[in-house]
Amino acid sequence: MNHIKLTSVSRAGDTTNYDAIEFFSFPGGERHVRLPAAQIGTLDVLDTDWTIKARVYTPADIMDLMLATDAVRRVIPAGSVLRLVLPYVPYARQDRVAVEGEPLSAKVFCSLINALAFDDVEIWDPHSDVTPALLNNVRIRSTRDLMLSTFGEKGCAYLLRECAFVAPDAGARKRVSALAKAFNTDVVFADKKRDPVSGKLSGAQVQGELPSRPLLVVDDICDGGGTFIELARVLREKTDQQLYLYVTHGLFTKGLEPLKACYSRVFSANCRDAELASNLG
C-alpha cells in the first residue's frame, strides 16, 4: 500500500484513484517518484480538483511527499486546486525548544509544507495548537469526529456513552475535558513526569476516587506506549472496571501486545502499521 496517494474529483463528482505511483531510491540514496502520467492525461483535467493523501513518518516519506507534489504540479494545469490530507504531522511534538541548542522542529516541518503551496491542508487531531498555527490553509479533522468514526466502524460506539474518559497528562486535559463534555460523560485527570533531556518517564499519578464505570484513556499519539502501560498499572490499583485505550495516531513502535496486556481493547483512527491495524478494536 502506497504511503502517498493521488485522487482526482471532477465537478460532476467522478472520483479517480491513481494507484500506480512508483517510489524508489537511486543507488546513491536519493528518492525518486514516478506518476502514471498517461492515465492522468486522459482526464478533462481543467474540470478537476486533486488531492494528495500522505501517510508521512520518516525522512524518506517527507522527501517522497515533496517530490510527488512537484510531479503532480507538472502534469496538471496551472491553477488547478491541489489539496493535502496529512493525518499525522511529523515533528508536531517538538513544538517548543525544551533544551537550549535544539531546533523548533515543528516550525521547520510546517515551513516545508507551506512551501508546497497547497490550497487546503487537512490534519487530524494535532498534538497542540502550535501546528495549526504554523500551517497555511489548514483544516482540522476533530478528535470527536475521528472517535465516532473509529468506534462506529468497530461496532463499539456504545463505549463512548458508557466509559468515563481519562486524560493521561496535563497536556491532554483540555482536549479530553471537551470530549467528555461532548459525549456527556465523566473525566478523570492523570499526571506524568518526563525528563526533557532523556525522555524517560518517572511515573503516573491519579488523584481521588474513580467513577464506578469503565475507563477510556484518550490521547492523540501512542509511540512506544510506556505512558499508557504505567497509567494502566496505576488505574488498576484503584478500580476493577474495564480499561480501554484510544489514540488518534497509533505509531505503536513497540507493538500492540504490551498494551493489550493492560487494556481490554485498543483503538486508533490512524494506525501507522497496516498489520497492527487489523488487530485493533
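Numbering of the sequence shown is given in UniProt numbering, commencing with residue 1 and proceeding in unit increments. All residues carry an ideal CB built from backbone N, CA and C; glycine is no exception.
Presumed contact (8 Å Cβ cut-off) between residue i and residue j, rounded CB distance
| i | j | result |
| --- | --- | --- |
| A204 | D186 | No, A204 and D186 are not in contact; Cβ-Cβ is about 19 Å, not under 8 Å. |
| V166 | A182 | Their Cβ separation, rounded to whole angstroms, is 16 Å, which puts V166 and A182 out of contact at 8 Å. |
| L146 | F118 | That belief does not hold up - the Cβ atoms of L146 and F118 are roughly 21 Å apart, past 8 Å. |
| A269 | S149 | 7 Å |
Straight-line gap, residue i to residue j (C-alpha atoms, nearest Å)
| i | j | result |
| --- | --- | --- |
| E275 | Y244 | 20 Å |
| A170 | S177 | 11 Å |
| E100 | A92 | 18 Å |
| D223 | A232 | 16 Å |
| L179 | G29 | 45 Å |
| D120 | T253 | 30 Å |
| G255 | R213 | 28 Å |
| V188 | R73 | 48 Å |
| S25 | R272 | 21 Å |
| R96 | C110 | 13 Å |
| R236 | L86 | 36 Å |
| S10 | T48 | 4 Å |
| Y18 | Q39 | 8 Å |
| C262 | H127 | 24 Å |
| N279 | S264 | 12 Å |
| V75 | A68 | 11 Å |
Status (buried if at least 16 other CB within 10 Å, exposed otherwise) for residue i
| i | result |
| --- | --- |
| F228 | buried |
| V89 | buried |
| T58 | exposed |
| Y158 | exposed |
| K238 | exposed |
| T15 | exposed |
| D219 | buried |
| R55 | buried |
| L154 | Checking the sequence, you will find Lys at residue 154 rather than Leu. Exposed, since its Cβ has fewer than 16 Cβ neighbours within 10 Å. |
| G225 | buried |
| A98 | exposed |
| A172 | buried |
Minimum C-alpha distance to residue i - residue among the options
| i | options | result |
| --- | --- | --- |
| D125 | P77, R236 and K174 | K174 |
| L215 | G225, Q207, I221 and D240 | D240 |
| A277 | Q242, P258, H249 and Y263 | H249 |
| V36 | L259, S8 and L116 | For the sequence presented, residue 36 should be read as Pro rather than Val. Cα-wise, what sits closest to P36 is S8. |
| I4 | A12, G13 and A20 | A20 |
| F267 | V247, R161 and L259 | V247 |
| R31 | K53, C156, D64 and E102 | D64 |
| R144 | R161, N137, L135 and V138 | R161 |
| E122 | L112, A115 and N136 | N136 |
Beta carbon proximity, residue i to chain C, threshold 8 Å
| i | result |
| --- | --- |
| L67 | Among the chains in the structure shown there is no chain C, since it carries only a single protein chain. |
Counting Cβ pairs, one atom from each stretch, are 3 or more of them under 8 Å apart for the stretch 129 to 140 and the stretch 97 to 110?
-> yes
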